[in-house]
Amino acid sequence: MPTIEVSRSDLKRLVGKSFNLEKIAGWIKAEINVDERDKDLIHVELKDVNRPDLFSAEGIAREIKLKLGIPFSYEIRKGNYVLKVNPKVKKVRPLIACSVVKNVKLDEKAIFQLIQLQEKLCENFGLKRKEAAIGIYDFDKIRWPVTYTTFKPDSISFVPLGFNKEMTLKEILQNHEKGKQYGHLIENAKEWPILIDSEKHILSMPPIINSEYSGKVTEKTRNVFVEVTGFEKRFVFPCLMIMTLALAERKGKIETVKVKSRFKSMETPETKKKQITVSKQEIEEVLGLKLKEKEIEKLLRKSGFEVKKKGKTLALDIPYWRQDIMDARDVAEDVAITYGYNNFKAEQPTVISFGKLSRESEFKKKVANMLIGFEAQEITTFMLVSSDVFKKARVKVQALEIANPISSNYKFLRTMLFPSLLEFFSLNKNA
Numbered sequence: 512m513p514t515i516e517v518s519r520s521d522l523k524r525l526v527g528k529s530f531n532l533e534k535i536a537g538w539i540k541a542e543i544n545v546d547e548r549d550k551d552l553i554h555v556e557l558k559d560v561n562r563p564d565l566f567s568a569e570g571i572a573r574e575i576k577l578k579l580g581i582p583f584s585y586e587i588r589k590g591n592y593v594l595k596v597n598p599k600v601k602k603v604r605p606l607i608a609c610s611v612v613k614n615v616k617l618d619e620k621a622i623f624q625l626i627q628l629q630e631k632l633c634e635n636f637g638l639k640r641k642e643a644a645i646g647i648y649d650f651d652k653i654r655w656p657v658t659y660t661t662f663k664p665d666s667i668s669f670v671p672l673g674f675n676k677e678m679t680l681k682e683i684l685q686n687h688e689k690g691k692q693y694g695h696l697i698e699n700a701k702e703w704p705i706l707i708d709s710e711k712h713i714l715s716m717p718p719i720i721n722s723e724y725s726g727k728v729t730e731k732t733r734n735v736f737v738e739v740t741g742f743e744k745r746f747v748f749p750c751l752m753i754m755t756l757a758l759a760e761r762k763g764k765i766e767t768v769k770v771k772s773r774f775k776s777m778e779t780p781e782t783k784k785k786q787i788t789v790s791k792q793e794i795e796e797v798l799g800l801k802l803k804e805k806e807i808e809k810l811l812r813k814s815g816f817e818v819k820k821k822g823k824t825l826a827l828d829i830p831y832w833r834q835d836i837m838d839a840r841d842v843a844e845d846v847a848i849t850y851g852y853n854n855f856k857a858e859q860p861t862v863i864s865f866g867k868l869s870r871e872s873e874f875k876k877k878v879a880n881m882l883i884g885f886e887a888q889e890i891t892t893f894m895l896v897s898s899d900v901f902k903k904a905r906v907k908v909q910a911l912e913i914a915n916p917i918s919s920n921y922k923f924l925r926t927m928l929f930p931s932l933l934e935f936f937s938l939n940k941n942a
């Protein structure tokens, strides 16, 4: 599970008042430890990855302000910036979303949090940059409009971040640390993604590395451009919003960017909040509590929801930064966290049962242990796979397609083991 480092003094500055670390741990479902050498530094180990908005001091500060009833709001203004998308990117990394945040106040601690948030989002929520990769830039060095396009690996060069000499795209994949680490995401494509401005300055090579020219954010940076590339909105849009709101917590003013492709345009980040309707009864059934409607509304507001009465139900506007709210059970969980699990009264279960393995499972377990004893290797792969698994194995199957997969990696229910085994061996070439 992700562990982040936060300065207590920086967190206090963001919140605006003192707080109790033990209470925070309960609110964000984390284990918090004070560093032995630096008492200002705390290590926050989150219990799951369902709340990527908590991967930084800014997100934690926002959650504290909600629970303490400290008012805040975000204004997203329409900007006058255009990012053009070349159709060629569809073959390699088709989706991009962007934002501009102006008048940001950055210092050493803020920059540390910004980089940490970027890395944690890409690694955990973005699945090691496969589903989402984030770029942060000095806005004042960019000349608009910006174009998202592709180039052949040997046809163009730029100075990558952290280097002092120009390299071709191919050389970056071969010689740069990030190129070696993430090059497999694009190396099989004939052309590779590039962000370039109107004066032909290369901004970055998504999802690998920014340019030294515009991709370095320092304490002197006041205006920031953020972009996220990937394949699906469910990964790209939340990452953009979380990064953007983190900068807004540093006094920044948010402006949208028009992302313009051949057939459609969209303003990002999206300003329309998602909505969900729940009833008092649904929340009580999940939690096993009897609560007054006014109390539920108060707990929901302290969880970041905007609440409106709609007949016998409550219409909720889901906060910009929450991508994990799917149904009434998720809402009930937020009510429980804000209510406090320690305030629940313990009850003895009325039915007690003891589970055990079936005879068939016991037999399978013994056979598996015998085979392992003969130096066989046990391989456990997911039943849900991507279409790439079948393509790489060169097999044609009529697999059952999932209507709403959590990721394109889990889109089909496999009908044979062979493709998954081949993929395993391809990823374990030295095994």
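The sequence shown finishes on residue 942 if you use the working numbering, and the numbering steps up by one all the way, no holes.
By construction, the Cβ of each residue, glycine as well, lies at the ideal position given by its N, Cα and C atoms.
Model, not experiment: these values are computed from the prediction.
query: Ranges of the beta strand (DSSP E) found wholly within the segment 542-574, counting only runs of at least 3; result: 552-557
query: CA-to-CA distance, Ile829 to Leu522, given in whole angstroms; result: 24 angstroms
query: Spatially closest choice to Glu766 from Ser772, Glu781, Ser776, Arg773, by CA coordinates; result: Glu781
query: Own chain partners of Lys558 with C-beta closer than 8 angstroms, once the 5 adjacent residues on each side are dropped; result: Met512, Lys540, Ala541, Glu542
query: Straight-line gap, Lys907 to Met894 (C-alpha atoms, nearest Å); result: 17 angstroms
query: Nonlocal neighbours in the same chain, by C-beta distance under 8 angstroms from Asn597, ignoring five residues either side; result: Thr658, Tyr659, Thr660, Thr661
query: Exposed unless 16 or more other CB atoms sit within 10 angstroms - verdict on Lys762; result: exposed
query: Under the three-state DSSP convention, the category Leu606 falls into; result: strand
query: Cβ of Pro656 within 8 angstroms of any chain D Cβ; result: This model lacks chain D altogether, as it is built from one protein chain only.
query: Residue closest to Asn721, alpha-carbon to alpha-carbon, out of Glu871, Asn686, Ile645; result: Ile645
query: Sequence-distant residues of the same chain with beta carbon closer than 7 angstroms to Ile836, five excluded per side; result: Ile787, Ile829, Val842
query: Top-ranked residue by Cα proximity to Asn635, from Ile667, Pro563, Ile553; result: Pro563
query: Residues that Ser715 bridges to, as DSSP identifies them; result: Leu706, Asn721
query: Phe748 classed as buried or exposed, judged by whether at least 16 other C-beta atoms fall within 10 angstroms; result: buried
query: Closer than 7 angstroms: Phe929 CB and nearest the ligand ADP heavy atom; result: Ligands are entirely absent from the displayed structure, and the ligand ADP is therefore not among its contents.
query: Cβ neighbour criterion (16 or more within 10 Å) applied to Asn915; result: exposed
query: Residue range of the beta strand (DSSP E) that includes Ser897; result: Counting along the chain, Ser897 falls outside any beta strand (DSSP E), and DSSP gives it neither H nor E.
query: Separation of Trp703 from Glu723, as counted between CA atoms; result: 18 angstroms
query: Assigned secondary structure, Ala644 (DSSP; H/G/I helix, E/B strand, else coil); result: strand
query: Coarse secondary structure for Gln834, derived from DSSP in three states; result: coil
query: Gly694 (DSSP reduced to helix, strand or coil); result: helix
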